[in-house]
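Everything on this sheet refers to the single structure shown next.
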Amino acid sequence: MVDSILSHALNTHPKEAILLLRGKKERDEILINEIVVPPLATHGAGFSAFPSYMLPIDLRVMGVSHSHPSGILKPSVHDLNHVYGRIMVIAAYPFQSYSDVAVFDKDGSRLRWQLISDGQPDSH
Ligand SMILES: [Zn+2]
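The numbering used here puts the sequence shown at residues 7 to 130.
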């Protein structure tokens, strides 16, 4: 999962990559088990967006992951004004390790995250 986010970000670099994160909320935890390339995503240098009104209402979407080719591992003001879902995942250049990935809530506070192995391949 995290590997997919990193490799997608790397493949899209130097443009920004954007992915939808599907999963479920359990008590105070959010479990992400699927990542989806959003329909009609547009990529530009330093900006990525998709028209959220074009998306089907999908309650499984818990948030959005996008990349920061700048290497800055925190949300921009623009990001915080355009939060979609409950969480925001940012992958920062150079997209090499898990320390290049951070998770934030809609207020921009950094959240703890961990990989959960359930015996399934984790990279789809
Ligand atoms: Zn951003």
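Glycine included, C-beta positions come from ideal geometry on N, C-alpha and C. Computed from a predicted structure; not experimentally measured.
Item                                                                                                               : Value
Rounded to the nearest angstrom, how far is the Cβ of Val70 from that of Met94, given a contact under 8 Å?         : 6 Å
I need the residues with a C-beta less than 5 Å from some heavy atom of ligand 1; please give them in chain order. : Ser82 and Asp85
Once DSSP output is grouped into helix, strand and coil, what is the label at Ala97?                               : strand
Pick out whichever of Gly77, Leu65, Asp64 and Asn39 has its Cα sitting closest to the Cα of Leu16.                 : Gly77
Report the partner residues of Asp111 according to the DSSP bridge assignment.                                     : Ile93
Shortest alpha-carbon distance to Leu65 belongs to which of Trp119, Ile24, Asp34 and Tyr90?                        : Tyr90
Is the beta carbon of Phe110 closer than 8 Å to that of Arg116?                                                    : yes
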